[in-house]
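A short worksheet on the structure shown next.
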Amino acid sequence: MTLSALIVDDEPLARRRLHELLAERDDVRVVGEAASGPDAVDRIDALRPDVVFLDIELPAFNGLDVVKRISHQPLVVFTTAFDRYAVAAFELAAVDYLLKPFGAERLATAIDRLQREHTDDGGAGAPAERALQALAEPRDAPLTRFFVRDRGKLLPVAVREIERLEADDDYVRVFTRGRAHLVYLTLNDFERRLDPQRFLRIHRGHMVNLDYVRHLLPGEGGRIEIEMTDGTRLLASRTRSRDLRNLTL
19 MTLSALIVDD EPLARRRLHE LLAERDDVRV VGEAASGPDA VDRIDALRPD
69 VVFLDIELPA FNGLDVVKRI SHQPLVVFTT AFDRYAVAAF ELAAVDYLLK
119 PFGAERLATA IDRLQREHTD DGGAGAPAER ALQALAEPRD APLTRFFVRD
169 RGKLLPVAVR EIERLEADDD YVRVFTRGRA HLVYLTLNDF ERRLDPQRFL
219 RIHRGHMVNL DYVRHLLPGE GGRIEIEMTD GTRLLASRTR SRDLRNLTL
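Shown next as structure tokens:
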């Protein structure tokens, strides 16, 4: 089956190189290119390709945001020079993730996956629908698992095993089973998708799983100090301290 493809990259040389690699194949037909986030959204919705080879670092807004803004539902293969985005890409249900520079052999593996995914799902819609659901609004089902990078591998983590989360610039440090994993998602992303009956944002930079809270202790200024089962102590904000008191009433 021949797949129609759109190339999205802000670097002309990268677009040309990928175009040349795809031109050597008879199972992919390039129907267009885009060089920015807004341009990508417009062309994806207008051209309705089967697959988008999508760079992540783009002008205006990035490739992760492109996936969340499009109406048409293509298969998605992320292309980037930065492996820090790998976990977010897989959480957005990308078919594959090509780390630049990549060659014809690695691209062939991605296209094989595209062909299987397109056939298995009976069309291009399902994978991108899952991508939109990955960071959906709270009305959708809470997140039950996500991926972390560990020694070069992507490993699934069950949400029930998360003890607490801590903001670290553009990342979140996730603590589970005595280990800490750095994930390229924001604490707001997690807050939108985690079960609010179990996870509580206690501070701008901290969220805890109430199942792993050992004690609530009086802290300074009327704030509540939280002791986790691993001994970690965190001070809740004044607003969140009021929420915690309401939970104990």
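Just add 18 to wherever you are in the sequence shown, counting from 1, and you've got the numbering used here. Cβ atoms here follow ideal geometry from the backbone N, Cα and C, with glycine treated the same way. Being a predicted model, the structure only gives us computed values, none of them experimental.
Asked, Found
"Buried versus exposed, by CB contacts within 10 Å (16 or more), residue 24", "buried"
"Cα-Cα separation, residue 249 to residue 41", "58 Å"
"Inter-residue Cα distance where the pair is residue 203 and residue 190", "6 Å"
"Among 89, 69, 79, 87, nearest to residue 128 - alpha-carbon criterion", "69"
"Enclosing alpha helix (DSSP H) for residue 30 [first to last residue]", "30-41"
"Burial state of residue 258 (16 or more Cβ within 10 Å)", "buried"
"Residue 242 - containing beta strand (DSSP E), residue span", "242-246"
"6 Å CB neighbourhood of residue 198 in its chain, flanking five on each side removed", "191"
"CB of residue 72 within 8 Å of CB of residue 94, strictly", "yes"
"At least 3 beta-carbon pairs within less than 8 Å: the segment 80-89 vs the segment 48-65", "yes"
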